[in-house]
Structure formats: C-alpha cells, structure tokens
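The sequence shown begins at 225 in the numbering used here and counts up one residue at a time.
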Amino acid sequence: GGRDVGGPADLFAFGILAYEMLTGRSPFTTPAVLLALASQPLPEPPALDVRGLSPAACDVIRACLAEDPAERPDAKRVLATLEG
C-alpha cells in the first residue's frame, strides 16, 4: 500500500515465522496478506504453548501477531524476552 512499512511489519513477519517454526503450522488459517487484500480483519492470534519455551516468550511471539502495529512489542522487548 501507500503507507510506510517499518519495524512493526518486520516483527509481524518474525511472529509468523517463529510460530510456524515452533508449532509446524501457520498461525492463521488464511494468510494474513490475503485477509488484508480483502479488507478482512485478522482473527485473534492463536494461543502458543510450546514445551521448553517460557510463557513470557510464548506471549511475546503471540504479541508480534497483533493486527494493529502499535500493539506489537518493539524489537528490544522481543530480544530481551527471548534471551531471558
């Protein structure tokens, strides 16, 4: 689209990739880009519960999947959570 794409878009992509790598499945049944093209809202990001991964790490990955870019964590928070 015509708007600037920045860090929040990268964090959304990270959230999708991390979710897929950890679970073996996509976080959304319909790809997010197709929903956006159809002006459809994203469904609530699915729960993420991965054995061996802290609840905080699961929460921050899930937060990266927020539809509103302003609701996504920043990269520093993601890194700090995953390192912790």
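For each residue, glycine too, the CB sits at the ideal point set by N, CA and C.
Cα-Cα separation between E312 and C288, rounded to whole angstroms: The question about residue 312 has no answer here: the residues shown for the chain are numbered 225 through 308.
- prompt: Where does P293 fall in DSSP's three states?
  reply: Mapped onto the sequence shown, residue 293 falls at position 69. It is helical.
query: Taking the alpha-carbon positions, what's the R249 to A242 distance?
result: Translated into the one-based positions of the sequence shown, residue 249 becomes position 25. Translated into the one-based positions of the sequence shown, residue 242 becomes position 18. Computed Cα separation, rounded: 10 Å.
query: Can you give the Cα-Cα distance for P255 and E307, rounded to whole angstroms?
result: In the sequence shown, counting from the first residue as 1, residue 255 sits at position 31. In the sequence shown, counting from the first residue as 1, residue 307 sits at position 83. Their backbone Cα atoms lie some 29 Å apart in a straight line.
query: Alpha carbon to alpha carbon, how far is L235 from A299?
result: By one-based count along the sequence shown, residue 235 stands at place 11. By one-based count along the sequence shown, residue 299 stands at place 75. The straight-line gap from Cα to Cα measures roughly 7 Å.
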